[in-house]
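For what it's worth, the numbering used here labels the leading residue of the sequence shown as 1, then goes sequentially. Ideal placement from N, C-alpha and C gives every residue a C-beta, glycine not left out.
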Amino acid sequence: MSSRSIYRTLRPMLSSGLGTGPGVRGHIISHLPTVRFLSSDTSSPANENKQAEEPVRTADGKVISTYWGIPPAKITKPDGSAWKWNCFQPWDSYKPDVSIDVTKHHEPINFTDKFAYWTVQTLKIPVQLFFQRKHMCHAMLLETVAAVPGMVGGMLLHLKSLRRFEHSGGWIKALLEEAENERMHLMTFIELSQPKWYERAIVFTVQGVFFNAYFLSYVISPKLAHRITGYLEEEAVNSYTEFLKDIDVGKFENSPAPAIAIDYWRLPKDATLRDVVFVIRADEAHHRDINHYASDIQFQGHELKEAPAPIGYH
């Protein structure tokens with residue numbers, strides 16, 4: 001049987017059965033772009049009569065020529081307007097849980113906790129001396145560092161899963177979601193303020209040192225690495241709380257929210273910078289809880305794969 005005959009046989013099943021499964025999975029699959037389910041057979045009659053695809057263009061209008069003929073996805077918003085972001089898709093956007101407790105703190109009890117806590121407190125000193133109340137610059141540096149732990153942890157768990165031929169309990173995805181969410185924080189702040197050359201130099205240096213140090217700490221002791229990240233996220237929550245206070249008292253202009261933030265967090269069209277900082281703080285509080293939770297699992301003598309990871313909220 002040819003590939004076209006197989007596709008014609010399976011097509012009714014694909015179009016009617018995939019979106020009817022129970023729970024969230026069926027709902028998500030039913031909303032995936034139909035291009036993912038189309039045959040790649042270029043010799044079909046439908047493709048013979050199909051007009052040439054629009055060329056792929058960069059943001060400045062330049063045409064990208066490709067032999068492989070992969071067309072860009074044509075995605076629109078619910079109101080029918082074109083989706084303008086390539087760095088994330090509509091199904092990556094979400095409504096953050098802003099009711100999360102931003103005051104929680106993990107009291108350091110054992111030596112590992114105290115080492116992690118005082119490591120973060122020591123790192124905080126030069127950062128505060130340099131940035132003081134320069135919240136936008138501080139936020140950009142913070143997010144370039146905060147996106148490292150999730151990527152390192154996810155990468156190492158991925159390799160461990162391959163070596164041991166075992167699942168990860170969803171923790172690979174959870175940590176990579178965290179890293180991507182932190183990166184989107186940075187993309188948002190870039191829309192508001194472009195970093196100066198010396199700020200870029202600081203980021204380059206700090207990220208290089210922090211990545212290698214965190215990589216080694218995760219290899220040596222994942223529970224220590226997650227505890228350090230938990231305390232880093234606590235400090236991020238505190239930093240954004242101070243940012244909100246300065247906006248409220250008029251020390252920092254409450255400018256309109258950038259369009260990327262409105263689409264990513266599904267904010268109202270009249271959202272402001274305060275709304276953006278508010279939801280970012282909620283994200284950081286969630287990352288705080290995830291990493292302290294991951295560390296607790298390992299402190300109790302278990303592996304991460306034994307506890308299901310909190311997937312779906314960044």
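Judged by DSSP in its simplified three-state form, residue 307 adopts coil rather than helix or strand. Residue state for residue 272 is assigned as strand, using DSSP reduced to three classes. Going by DSSP, residue 176 is part of the alpha helix (DSSP H) stretching over 171-192.
Taking all protein chains in view, the Cβ of residue 168 is crowded by 16 or more other Cβ atoms within 10 Å, so the residue is classified as buried. Taking a cut-off of 8 Å for Cβ pairs, the region 175-186 and the region 239-250 do not touch, as fewer than three such pairs fall below it. In the DSSP assignment, residue 239 falls within the unbroken alpha helix (DSSP H) covering 222-248. Within the same chain, 182, 185, 232, 233, 236, 284 and 287 come within 8 Å of residue 146 by CB-CB distance, once the 5 residues on both sides are set aside. In this structure the region 129-145 lies against the region 195-211, because at least three pairs of beta carbons, one per stretch, are closer than 8 Å. Here the alpha carbon of residue 139 sits roughly 31 Å from the alpha carbon of residue 308.
Secondary structure note for residue 149: its alpha helix (DSSP H) is the uninterrupted segment 135-164.
In the structure shown, the three-state DSSP call for residue 90 is helix. The residues 290, 309, 310 and 311, in chain order, have a CB closer than 7 Å to that of residue 174 in the same chain once the five nearest residues on each side in sequence are set aside.
Per DSSP, reduced to three states, the secondary structure at residue 279 is helical.
In this structure, residue 280 sits near residue 188, with a CB-CB distance shorter than 9 Å. About 5 Å separates the beta carbons of residue 223 and residue 295, which is inside the 8 Å limit, making them a contact pair. In the DSSP assignment, residue 259 falls within the unbroken alpha helix (DSSP H) covering 259-264.
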